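To keep things clear, I will list the structure first and then write my remarks on it.
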Amino acid sequence: MICIPITSRTNKEALHAVERSCRFADFIELRMDLIGEGNLDQLISAVRNNYGLVKIIVTCRKKEEAARAGSAVRVKSAVQNTREKIALLQEAIELGADFIDIELAEGQKAIKELKSLCAKRGGKTKIIVSYHNLKETPALNRLKEIFRQCAKFKPAIVKIVTTAKTVEDNLITLNLISYARKSSPEIISFCMGDKGGISRAIAPFLGSYLSFATLGKEGQSAPGQYTVSEMDQFRDWFNGRRKTPLAPVLSLGRSLPKNYVLLGNPVGQSLSPLMHNAALQKMGIEENYSAFCVQDIGGAMDGLRGMNIRGASVTIPFKVPVMQYLDDIDDDALEIGAVNTIVNNNGRLNGYNTDWLGVMLTLKKAMTIRNKTFVIVGAGGTAQAAAYGIIKEGGFPLIVNRTMEKGKILSRKLNCPFYPLSEAGRIKADCLINTTSVGMNPQRDKSPVAAETLAGYKYVMDVIYNPLKTKLLADAEKQGCKILSGVDMFVHQGAQQLRLWTGKEPPRTLMKKVILERLTKIG
Ligand code: ATR
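First residue of the sequence shown? That's 86 in this note's numbering, and the numbers climb one at a time after it.
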């Protein structure tokens, strides 16, 4: 039987997803930790009203218990602790869900409490006691012991899901199914992760009660989940109704993605290819980085998957629009609201933001951030990334922007003051950071603020790196401020990208050197 997890970002989207999924699923799992502001009553009613036969599982994992996949990283956990989780599962019982899923780790007291509530309500809701191991697959004997611990509570189903680090790990969970079938609770067991596909495909044929699958490529609640159509293909294959081997099985042996691209428009002036190629060469990685001027960012994402490209930098104007095409977005990028880095994990595109780290590493080298005030000029993606890092480190940003509306929207989001650009001279703060493009080559004689405005600042930073010393920085130096160049931010954000792509520490000194040489040549 197929269970489709609902992991949508909003309740409205979840209601749509329920509507679509019920047509294909035997079970719907409402992942209340992933559905943003999910309304359990509405969601359960949506299943009941339209598809009476589809069974409902209500699950609510704490953040540390949720496998990072699909939208699993997009929404902050709805529950912070066991108490909140139990309250939500109690609500599910009151509302007549068919199953609730509770982790063995929540302990005897919580599980017994929920069981007795189920009994009080006439036993309509049944219990799944689950064990998830997000790191590895323990030995078979250990898993058998865990199964016995779960089974002691006499649940309807025991669910034991581990992470495959090797293909052989699949054999362990498959063997567990054979063992568990001798006892009374139903068993669901398989491995998650890129190497766990085999157990996901075979487990139903050994008697695993449910298979978790998604409708489309999106909406995974755990890594390695197949689509409903892929699971159907497996069934046909095992039943001898399909001759050709399956794409998911083939993909286990697919060669690793290679090479890197910059996606933006325009990209002609970018120094990223120079910097990244120098670093890759020094790191002994025989791959290259090239720039592509893109019209259609959605098409470019298909290209990344299709051409098996390992990673991409994303620049203006796609840092926000690209987000809708990604499979995972990490918490920092999600909060900032922009992605500048993509990692291709065998066809799953994961988004990150390294701009904020670039700003932070530059600032931290010069000053302490805690309790300092920062005027951020601009209200775009870079301003947001800078403000995010500053707040995270205990500093206080103030937004200054040319367009009032945009500046106010950002300051409301950050809960910080806003000033129109024309009033920048009135503000007193420790550091000023320019995140606008004012002063960038060829507009070398322009600065976003008047020179005299800078007199009170101890530090002035520009995110522009071409020219090396912008008019803003030259003015600031004359006013006695310490100046922080955009080159450092550029190098750090690029180095963080390389770390994400390769897992290795990049040669930052060399990267800075090649950029400085080129900029000095440009003059
Ligand atoms: P990014 O994502 O790189 O930060 P962006 O989202 O286009 O780029 O944001 C650029 C910021 O620079 C905006 O806040 C913009 O101000 P407006 O909100 O008024 O458009 C600011 N900016 C760009 N050109 C400017 C100029 N000539 N004078 C003042 N601010 C400017």
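By construction, the Cβ of each residue, glycine as well, lies at the ideal position given by its N, Cα and C atoms.
From a predicted model like this one, the values you see are computed outputs, not experimental measurements.
For residue i, the three-state DSSP class (helix, strand or coil)
i: Tyr136; result: coil
i: Tyr264; result: helix
i: Lys597; result: helix
i: Arg159; result: Caution is warranted here: a pLDDT of 45 is assigned to Arg159, below 50, making its placement in the model unreliable, and the coordinate value is therefore given only provisionally. Correct three-state label for Arg159: coil.
i: Asp183; result: coil
i: Ile549; result: coil
i: Ala99; result: helix
i: Asn226; result: helix
i: Cys88; result: strand
i: Lys606; result: helix
i: Ser336; result: Unreliable placement is indicated for Ser336, whose pLDDT of 44 sits below 50; no coordinate value is reported for it.
i: Glu188; result: strand
i: Ser130; result: helix
i: Lys239; result: coil
i: Ser215; result: strand
i: Ile231; result: helix
i: Lys543; result: coil
Limits of the unbroken alpha helix (DSSP H) element including residue i
i: Phe503; result: Looking at the DSSP string, Phe503 is not in any alpha helix (DSSP H); the run it does join, the beta strand (DSSP E), is 503-505.
i: Gly443; result: 440-451
i: Glu169; result: 167-179
i: Cys107; result: Careful: Cys107 lies outside any alpha helix (DSSP H) and carries neither H nor E.
i: Ile196; result: 192-205
i: Ala559; result: 556-563
i: Glu271; result: Looking at the DSSP string, Glu271 is not in any alpha helix (DSSP H); the run it does join, the beta strand (DSSP E), is 271-277.
i: Gly571; result: 571-587
i: Thr291; result: Contrary to the premise, residue 291 reads as Leu rather than Thr in this sequence. From DSSP, the alpha helix (DSSP H) with Leu291 extends over 282-291.
i: Val313; result: 313-323
Through-space distance from residue j to residue i, alpha-carbon basis
i: Lys197; j: Pro223; result: 26 Å
i: Pro240; j: Leu202; result: 13 Å
i: Met392; j: Ser375; result: 14 Å
i: Ile401; j: Thr247; result: 40 Å
i: Asp515; j: Ser570; result: 17 Å
i: Ile231; j: Leu115; result: 25 Å
i: Lys229; j: Lys209; result: 28 Å
i: Glu188; j: Leu291; result: 23 Å
i: Gly383; j: Arg285; result: 30 Å
i: Ile171; j: Ser268; result: 27 Å
i: Val103; j: Asp412; result: 19 Å
i: Met596; j: Ala364; result: 6 Å
i: Glu371; j: Leu356; result: 20 Å
i: Gly353; j: Ile600; result: 15 Å
i: Thr605; j: Asp573; result: 15 Å
i: Ile129; j: Ile87; result: 18 Å
i: Gly282; j: Ile262; result: 16 Å
i: Glu179; j: Arg133; result: 15 Å
i: Asp254; j: Asn135; result: 40 Å
i: Val379; j: Pro592; result: 29 Å
i: Asn362; j: Asn373; result: 6 Å
i: Asn344; j: Asp415; result: 22 Å
i: Thr299; j: Asp279; result: 16 Å
i: Arg168; j: Ser93; result: 24 Å
i: Glu590; j: Gly443; result: 15 Å
i: Leu335; j: Ser296; result: Bear in mind that a pLDDT of 41 at Leu335, under 50, signals an unreliable position, so the number given afterwards is only what the model happens to contain. Computed Cα separation, rounded: 20 Å.
i: Gln127; j: Arg233; result: 36 Å
i: Ala423; j: Cys235; result: 42 Å
i: Val548; j: Met445; result: 12 Å
i: Thr458; j: Ile518; result: 11 Å
i: Lys161; j: Ser274; result: Note that Lys161 has pLDDT 48, beneath the 50 cutoff, so the model's placement of it is unreliable and the number below is only indicative. Computed Cα separation, rounded: 27 Å.
i: Arg105; j: Glu271; result: 27 Å
Residue i: first and last residue of the uninterrupted beta strand (DSSP E) it sits in
i: Ile120; result: Counting along the chain, Ile120 falls outside any beta strand (DSSP E), and DSSP gives it neither H nor E.
i: Ala464; result: Run containing Ala464: none; DSSP gives neither H nor E here.
i: Thr299; result: 296-299
i: Thr248; result: 242-248
i: Gly208; result: First-last for Gly208: undefined, no H or E at that position.
i: Val346; result: 343-349
is_contact[residue i, chain D] using C-beta, thresh 9 Å
i: Lys367; result: Here there is only one protein chain, and chain D is not present.
- Where are the alpha helix (DSSP H) runs, 4 residues long or more, that stay fully inside the segment 363-435, in chain order? Runs found: 382-391, 416-421.
- Task: Can you check the segment 466-516 for any beta strand (DSSP E) of at least 3 residues that lies completely inside it and give the ranges in chain order?
- Result: Runs found: 481-486, 503-505.
- Flag this pair as touching only if the segment 394-413 and the segment 581-595 have three or more C-beta atom pairs under 8 Å; answer yes or no. By the Cβ criterion, the segment 394-413 is in contact with the segment 581-595, since at least three pairs of Cβ atoms, one from each stretch, lie closer than 8 Å.
- Message: Would you call the segment 96-107 in contact with the segment 120-130, where contact means no fewer than 3 C-beta pairs closer than 8 Å?
- Response: At 8 Å Cβ cutoff, the stretches touch.
- Query: Would the segment 415-434 and the segment 447-458 be scored as touching if the rule is three or more Cβ pairs under 8 Å?
  - Reply: The answer is no - the segment 447-458 does not touch the segment 415-434, with fewer than three Cβ pairs under 8 Å.
- Can we say the segment 558-570 touches the segment 532-543, given the rule of at least three CB pairs closer than 8 Å? Contact between the segment 558-570 and the segment 532-543 is present, because at least three Cβ pairs lie under 8 Å.
- Query: Per the contact definition of three or more C-beta pairs closer than 8 Å, is the segment 550-560 in contact with the segment 528-538?
  - Reply: Counting Cβ pairs under 8 Å, three or more are found: they touch.
- Given 8 Å, three or more beta-carbon pairs between the segment 484-493 and the segment 455-468: Below 8 Å, enough C-beta pairs join the segment 484-493 and the segment 455-468 to call them touching: three or more.
- Message: I'd like to know if the segment 133-149 and the segment 173-189 are in contact, where contact means that at least 3 CB-CB pairs between them fall below 8 Å.
- Response: Yes, since at least three Cβ pairs between the segment 133-149 and the segment 173-189 fall closer than 8 Å, the two stretches touch.
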